[in-house]
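Engineer: Residue numbers (the numbering used here): 178 to 627.
C-beta: ideal position from N, C-alpha, C; glycine also.
Keep in mind the model is a prediction, meaning the values are calculated, not measured.
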Amino acid sequence: MVEEKLLASIKENIEEVIQRKTPLSISLWQEFIDLHPADIAKFLTNLSADLRNRLFVAITGELSCEVFKELSESMQVQVLSFLNDNGKVDALSCLTVDEMTDLFENLSDDELKKYLNLLHKNDREKVLSLMQFDPESAGGIMDIEVLALQDDFTVHKSIQLIQRLQVKKELHRQIFVVNKKKQLVGYIMLEDLVLQKAEALLSTFMQENELVAQADEDQESIAQKMVHYKMMIMPVVGNDNYFLGIIPGDTLVDIIEEEASEDIYRMSAMQPIKGTYFEDSFWQLLSRRSYILIALLLAQSLSSFIIEFHEALLAGFLIRFITMLVSTGGNASSQTSAIIIQGMASGEISQDNIKRFFKREICLALVMGLILGSVAFVRVYLTSYHLLGSVAVSLSLFSIVVVSMAIGSSFPFLLKRLNLDPAYSAGPVLATLMDVLGLFIYCMISKHFF
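Shown next, in the form of structure tokens:
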């Protein structure tokens, strides 16, 4: 609460705070820079581009680095565009090579060339080597600035190397071991360097790597494996088992969060938003959301053609139950697709058990159709005392539920075969499809009773 009041006061006096010429502005500034870098970055995100850039420039030293690292990639690009070349170099030096690579993925070719020229030759070569990988592959998300020890090193030599390089290289509890050809041969734990004798060779007590990621392997597949096997670090290798880097636990969290966010957007039939909501312009948001709604509108218009063609049949008694039938069909298909999408995302449902899954879903669809059809028969008959109409509605609902659950369970697999995200099969897309199919089924069955 105190923090919110402070940020509100800073926003009200933002010009004075930037200039820091009055006792109040100096006091607010001191409280501002005492905040956690993540909170400062969040505050900057909610400012206009001009104020954000000016306030960021006013932040100096190590805090400037910490705040810059907390900004989203798109926001970092905006801030960099405001800085002079020296400021750009200072800001980029705050990032690791893999973080710079992720940032540069958002740049045009001309901008990329300009920023690469600002980097030290060694960093530039590392960035270019990482950019050859797909951004969502193991090679695209791995950390290459990690310590690896050689298998013919002694414990004593390894400790000396760690002490000398720990500032420059990322140090984890699990340390990977390579041979002279830089091929991954195993790993040791950090505590092994304390428990083993100083003259012991790493090759004598290192452990075998049970699982490794190939450089071109998809990040979602890697996340599933790391969660399943409870791994905090995954080594990444290239051709001939050449050690390239690692995927640490914090990257795993980022992957899971990113994949979950993308699935939520796609289940709502829209393209995922990069960065935060307010970082996208009005026109970007409009384009992401409007085209699919236009497509669904045109698809939904098929329902009007079906109604127009069967107008005489639907007039009167049958028209009262259209909404109930198509809504139930949409709900049944969405429910089924949600289950399979979650199962596919977690790895529980795969090609290995797909037959078992379909058998189970078919049985569920038949039983669910019978239950809902029976409820519909009772509901319609008690309100109308129309026997044929009640039978028509209940049979239609049974058929719609069975078809809906069949489509809901198979559609995600079809999209995956087409190299599309199965999450698109949930929500508006499937609901629209079942609205049209449900109405068609209702009309086809009702023709036999009226």
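Would you decide whether GLY507 is buried or exposed? Buried here means 16 or more other CB atoms lie within 10 Å of its CB.
Structural biologist: Here residue 507 refers to the residue found at position 330 when the sequence shown is read from its first residue. Buried, since its Cβ has 16 or more Cβ neighbours within 10 Å.
Engineer: Pull up the CB-CB distance for ILE318 and GLN396, whole angstroms please, since I reckon it's below 8 Å.
Structural biologist: Here residue 318 refers to the residue found at position 141 of the sequence shown. Here residue 396 refers to the residue found at position 219 of the sequence shown. Sure, about 6 Å apart at Cβ, within 8 Å.
Engineer: Looking at C-alpha atoms only, which residue of GLU456, TYR601, MET383 is the closest neighbour of VAL256?
Structural biologist: Here residue 256 corresponds to residue number 79 of the sequence shown, with the count starting at 1. Checked all of GLU456, TYR601, MET383; the closest Cα to VAL256 is GLU456.
Engineer: Can you check DSSP and say which residues form a bridge with ALA215?
Structural biologist: Sequence index remark: in the sequence shown, residue 215 carries index 38 (1-based). Note: ALA215 sits in no beta bridge, so no partner.
Engineer: For ALA600, is the beta carbon positioned less than 7 Å from some heavy atom of the ligand HEM?
Structural biologist: What this structure holds is no ligand at all, so the ligand HEM is not there to describe.
Engineer: Measuring CB atoms only, is the region 585-604 touching the region 510-529, in the sense that at least three cross pairs come out at less than 8 Å?
Structural biologist: Cβ pair count under 8 Å is three or more, so yes.
Engineer: Between the C-alpha atoms of MET403 and ARG197, what's the straight-line distance to the nearest angstrom?
Structural biologist: By 1-based counting over the sequence shown, the position of residue 403 is 226. By 1-based counting over the sequence shown, the position of residue 197 is 20. Their backbone Cα atoms lie some 49 Å apart in a straight line.
Engineer: Just checking my contact of LEU221 with ARG229 at CB under 8 Å: how many whole Å lie between their CB atoms?
Structural biologist: Reading the sequence shown from its first residue, position 44 is the one you call residue 221. Reading the sequence shown from its first residue, position 52 is the one you call residue 229. Yes, they are in contact, since the Cβ atoms of LEU221 and ARG229 sit about 5 Å apart, within 8 Å.
Engineer: Since GLN360 contacts ASN418 with CB under 8 Å, what's their CB separation in whole angstroms?
Structural biologist: For the purposes of this step, residue 360 is taken as the residue at position 183 of the sequence shown. For the purposes of this step, residue 418 is taken as the residue at position 241 of the sequence shown. About 5 Å; that satisfies the 8 Å criterion.
Engineer: For a test of the three-state rule: what should DSSP assign to GLU351, helix, strand or coil?
Structural biologist: Mapped onto the sequence shown, residue 351 falls at position 174. Note on identity: in this sequence residue 351 is Gln, with Glu being the wrong assignment. Looking at GLN351 - three-state DSSP - the assignment turns out to be strand.
Engineer: List the residues that DSSP assigns as beta-bridge partners of THR505.
Structural biologist: Numbered from 1 along the sequence shown, position 328 holds the residue referred to as residue 505. The partner list for THR505 (beta bridge, DSSP) is empty, contrary to what the question assumes.
Engineer: State the CB to CB distance for the pair LEU205 and ASN223, rounded to an integer number of angstroms; the pair is presumed to be in contact (CB under 8 Å).
Structural biologist: Residue numbering aside, residue 205 sits at position 28 when the sequence shown is read from its first letter. Residue numbering aside, residue 223 sits at position 46 when the sequence shown is read from its first letter. Incorrect: roughly 17 Å between the Cβ atoms, too far for contact.
Engineer: Counting Cβ pairs, one atom from each stretch, are 3 or more of them under 8 Å apart for the region 370-377 and the region 412-430?
Structural biologist: Contact between the region 370-377 and the region 412-430 is absent, because fewer than three Cβ pairs lie under 8 Å.
Engineer: Considering only the beta carbon of each residue, do ILE399 and ALA315 sit closer than 8 Å?
Structural biologist: One-based indexing of the sequence shown puts residue 399 at position 222. One-based indexing of the sequence shown puts residue 315 at position 138. Cβ distance < 8 Å, so ILE399 and ALA315 count as in contact.
Engineer: My assumption, with CB atoms under 8 Å, is that LEU490 sits in contact with LYS407. Please give the rounded CB distance.
Structural biologist: Against the sequence shown, residue 490 aligns to sequence position 313. Against the sequence shown, residue 407 aligns to sequence position 230. Between LYS407 and LEU490 the Cβ distance is about 59 Å, and since that is not below 8 Å, they are no contact.
Engineer: Based on Cα-Cα distance, which residue from LEU421, ASP431, GLU243 lies nearest to ILE321?
Structural biologist: Position 144 of the sequence shown, counted from the start, is the residue given in the question as residue 321. Checked all of LEU421, ASP431, GLU243; the closest Cα to ILE321 is LEU421.
Engineer: Tell me the DSSP secondary structure of MET252 in three-state form.
Structural biologist: Locating residue 252 in the sequence shown gives position 75, where the first residue counts as 1. Note: MET252 maps to helix in three-state DSSP.
Engineer: Cutting at 8 Å between CB atoms, please list the residues of its own chain near VAL304, excluding the five before and the five after it.
Structural biologist: The residue given as residue 304 occupies position 127 in the sequence shown. For VAL304, where only same-chain residues beyond five positions count, the Cβ hits under 8 Å are VAL274, MET277, THR278, PHE281, LEU293, LEU296.
Engineer: Look at SER480 and ASP612 and say whether their C-beta atoms are less than 8 Å apart.
Structural biologist: Position 303 of the sequence shown, counting from 1, holds the residue named residue 480. Position 435 of the sequence shown, counting from 1, holds the residue named residue 612. Going by C-beta atoms, SER480 is nearer than 8 Å to ASP612.
Engineer: Check this for me: beta carbons of PRO589 and ILE518, under 8 Å apart or not?
Structural biologist: Counting from one through the sequence shown, the residue named residue 589 turns up at place 412. Counting from one through the sequence shown, the residue named residue 518 turns up at place 341. Yes, they are a contact pair.
Engineer: Which of the three DSSP states is assigned to ILE160 in this structure?
Structural biologist: The structure shown does not extend to residue 160, since the chain is modelled only from 178 through 627, so no value can be given for it.
Engineer: Would you report the Cα separation of SER458 and SER251, rounded to the nearest angstrom?
Structural biologist: Walking along the sequence shown from the start, residue 458 turns up at place 281. Walking along the sequence shown from the start, residue 251 turns up at place 74. Roughly 12 Å between the two C-alpha positions.
Engineer: Measure how close the beta-carbons of MET444 and ALA600 come, nearest whole angstrom, since I'm counting them as under 8 Å.
Structural biologist: Residue 444 sits at position 267 when you count from the first residue of the sequence shown. Residue 600 sits at position 423 when you count from the first residue of the sequence shown. Yes, they are in contact, since the Cβ atoms of MET444 and ALA600 sit about 5 Å apart, within 8 Å.
Engineer: Excluding the five sequence neighbours on either side, which residues of its own chain have a C-beta within less than 8 Å of the C-beta of GLY550, listed in chain order?
Structural biologist: For this step, residue 550 is matched to residue 373 along the sequence shown. These residues qualify, in order along the chain: SER571, LEU572, LEU574, PHE575, VAL578.
Engineer: Just to confirm, are SER581 and ALA476 a CB contact at a threshold of 8 Å?
Structural biologist: Along the sequence shown, one-based indexing puts residue 581 at 404. Along the sequence shown, one-based indexing puts residue 476 at 299. No, the pair does not count as a contact, with Cβ atoms beyond the cut-off.
Engineer: Since I believe ASP328 is in contact with SER285 (beta carbons under 8 Å), could you give me their beta-carbon distance rounded to a whole number of angstroms?
Structural biologist: The sequence position of residue 285 within the sequence shown is 108, counting from 1. The sequence position of residue 328 within the sequence shown is 151, counting from 1. About 44 Å; that fails the 8 Å criterion.
Engineer: Could you tell me whether the Cβ atoms of THR331 and ALA375 are closer together than 8 Å?
Structural biologist: Numbered from its first residue, the sequence shown carries residue 331 at position 154. Numbered from its first residue, the sequence shown carries residue 375 at position 198. Result yes, Cβ atoms of THR331 and ALA375 sit closer than 8 Å.
Engineer: Please report the residue range of the beta strand (DSSP E) in which ILE450 lies.
Structural biologist: Your numbering for residue 450 matches position 273 in the sequence shown. Run containing ILE450: none; DSSP gives neither H nor E here.
Engineer: Do LEU616 and ILE499 have their C-beta atoms within less than 8 Å of each other?
Structural biologist: For the purposes of this step, residue 616 is identified with residue 439 of the sequence shown, where counting begins at 1. For the purposes of this step, residue 499 is identified with residue 322 of the sequence shown, where counting begins at 1. Cβ atoms of LEU616 and ILE499: closer than 8 Å.
Engineer: Check this for me: beta carbons of GLN384 and GLY363, under 8 Å apart or not?
Structural biologist: Working through the sequence shown from its first residue, we reach residue 384 at position 207. Working through the sequence shown from its first residue, we reach residue 363 at position 186. Their beta carbons are under 8 Å apart, which means GLN384 touches GLY363 by this criterion.
Engineer: What is the DSSP secondary structure of THR381, counted as helix, strand or coil?
Structural biologist: If you number the sequence shown from 1, residue 381 lands on position 204. Correct three-state label for THR381: helix.
Engineer: Beta-carbon within less than 6 Å of VAL254's beta-carbon, same chain only, minus the 5 sequence neighbours each way: which residues are those?
Structural biologist: As a first step, residue 254 must be located in the sequence shown, where it is residue number 77. Cβ within range, chain order: ASN283.
Engineer: Which same chain residues, not among the five before or five after ARG465, have their C-beta less than 8 Å away from its C-beta?
Structural biologist: Counting from 1 along the sequence shown, the entry for residue 465 is found at position 288. Hits under 8 Å: MET447, GLN448, ILE450, ASP457.
Engineer: Using a Cβ-Cβ cut-off of 8 Å (strictly less than) and excluding sequence neighbours within five positions of LEU248, which residues of its own chain qualify?
Structural biologist: Your numbering for residue 248 matches position 71 in the sequence shown. For LEU248, where only same-chain residues beyond five positions count, the Cβ hits under 8 Å are ALA218, LEU221, THR222, VAL256.
Engineer: Under three-state DSSP, which class holds VAL274?
Structural biologist: Taking the sequence shown and counting its residues from 1, one reaches residue 274 at position 97. Looking at VAL274 - three-state DSSP - the assignment turns out to be helix.
Engineer: Which residues mark the beginning and the end of the alpha helix (DSSP H) in which MET545 is found?
Structural biologist: Numbered from its first residue, the sequence shown carries residue 545 at position 368. Taken as a continuous stretch (DSSP letters only), the alpha helix (DSSP H) holding MET545 covers 531-561.
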